[in-house]
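Scroll down for the structure; my scribbles are underneath it.
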Amino acid sequence: MQSRAMVRHAARNAVLLFTASEFSRSEIVRRYRIAAQKIVVLSNGVDRRRFHPGDEGREALARHGLAAAGYLLMVGRLEPRKNHANLLRAYAALPPSSPPLVIVGQRDYGYEGLARLVDSLRIADRVRFLETVGDADLPALLRHASVFVYPSMAEGFGMPVIEAMASGVPVVTSHCTALSEVAGDAAELIEPGDPASIAGAVQRIMGNAQWRNELRGRGLERAARFDWAVSARRLLEAYENHFSRRSALRTTS
């Protein structure tokens with residue numbers, strides 16, 4: 074409670090605010106009743122030295138018992154907001170011949186429920202939870218996935234989506250919060266509360282090589298728009314504009 078009050082006070086008294094998406098800006102305006110003009114959107118960037126297509130990193134796959142293009146992937150801490158439960162329900166609806174589902178993320182509250190769900194859906198032999206994937210292995214797991222699925226219920230940006238796109242992997246993600254803003258037309262957008270919507274999107278990609286390749290191309294183009302250098306320039310411009318206005322006001326007063 075005290076933390077929320079401090080954040081509210083800081084936001085309302087700041088002369089300039091920065092956030093990572095238009096969705097986040099609209100939420101800040103709505104929640105804290107702040108003028109939108111005070112808030113500058115600085116998109117996150119993707120490190121294309123780490124996240125890129127190619128054959129690199131197959132030894133990392135071997136360490137985790139995986140085969141290139143032989144699994145579906147989700148990356149995200151095991152918490153309810155990430156919507157693993159509906160992902161598991163969607164996966165259970167896919168044909169038994171579907172690639173295994175690999176979920177990368179550390180346990181958080183609610184994990185026990187996921188374990189019980191996996192058992193009840195009878196997919197324990199087809200689902201892998203990896204909690205100890207290091208920063209060095211993560212890019213390899215991304216670039217060699219068949220499909221990246223990220224059905225999160227709420228995100229202020231959604232870094233894994235852009236990292237998967239930069240890796241040349243077709244993406245399925247939610248149509249809500251900042252995810253549709255980040256993904257644009259470069260992903261299959263789904264209703265996160267509907268397992269059938271998630272399953273259908275995965276099947277469309279897996280069953281259509283032309284669509285799969287088109288999504289890869291769109292994703293690479295989309296990811297190229299998210300550049301840390303561009304965001305850094307926008308940050309500098311925002312500071313320069315703010316201080317130049319202050320200087321002008323002092324001069325005329």
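Going by our numbering, the sequence shown opens with residue 74, and the numbers climb by one from there.
Every residue gets a Cβ at the ideal spot worked out from N, C-alpha and C, and that includes glycine.
By alpha-carbon positions, which one of 313, 301, 85 and 192 ends up nearest to residue 122?
301
- Please determine, among 243, 106 and 209, the residue with the shortest C-alpha to C-alpha distance to residue 129. 209
Residue range of the unbroken beta strand (DSSP E) whose run includes residue 262: 261-263
Check your understanding: So is residue 138 buried or exposed if we call it buried at 16+ other beta carbons inside 10 Å?
Key -> exposed
**Message:** Among the candidates 125, 166 and 184, whose CA atom is the shortest distance from the CA of residue 156?
**Reply:** 184
Distance, Cα to Cα, residue 77 vs residue 87?
15 Å
Coil, strand or helix - residue 107 by DSSP: coil
### Query
What separation, rounded to the nearest whole angstrom, lies between the Cα atoms of residue 186 and residue 262?
26 Å
Proximity winner among 100, 145 and 96, relative to residue 84 (alpha-carbon distances): 100
Check your understanding: Which residues in the same chain have their Cβ closer than 7 Å to the Cβ of residue 257, if we skip the five residues on either side of it in sequence?
Key -> 295
**Reference residue 127; option with closest CA among 282, 304 and 239** = 239
**Request:** Could you tell me if residue 289 is buried or exposed, where buried requires 16 or more neighbouring beta carbons within 10 angstroms of its beta carbon?
**Result:** buried
- Query: In terms of residues, what are the limits of the beta strand (DSSP E) holding residue 147?
  - Reply: 145-148
Can you look up residue 176 in the DSSP assignment and give me helix, strand or coil? strand
Point to revise | Limits of the beta strand (DSSP E) - the one that residue 223 falls within | key: 220-223
Just mark residue 82 as buried or exposed, buried being the case when its beta carbon has 16 or more other beta carbons within 10 Å.
-> exposed
Close-in-space but distant-in-sequence residues of the same chain around residue 124 (CB under 6 Å, 5 per side omitted) = 212, 236, 239 and 240
CA-CA distance, residue 104 and residue 198? 44 Å
*Which term fits residue 251, buried or exposed, when burial requires 16 or more other beta carbons within 10 angstroms of its beta carbon?*
buried
Original post:
If we count Cβ pairs, one from each stretch, closer than 8 Å, do we get three or more for the region 173-184 versus the region 136-153?
Top reply: yes
* Asked: Can you name, in chain order, every residue of its own chain whose Cβ lies under 8 Å from the Cβ of residue 92, other than the five neighbours on each side?
  -> 98, 101, 112, 113, 114, 115 and 229
Other residues of its chain near residue 160: CB distance less than 7 Å, five sequence neighbours each side excluded
147, 222, 224 and 271
So if DSSP puts residue 201 in a beta bridge, which residue, or which two residues, is it bridged to?
175
Check: Between which two residues does the beta strand (DSSP E) harbouring residue 206 extend?
Finding: Looking at the DSSP string, residue 206 is not in any beta strand (DSSP E), and its letter there is neither H nor E.
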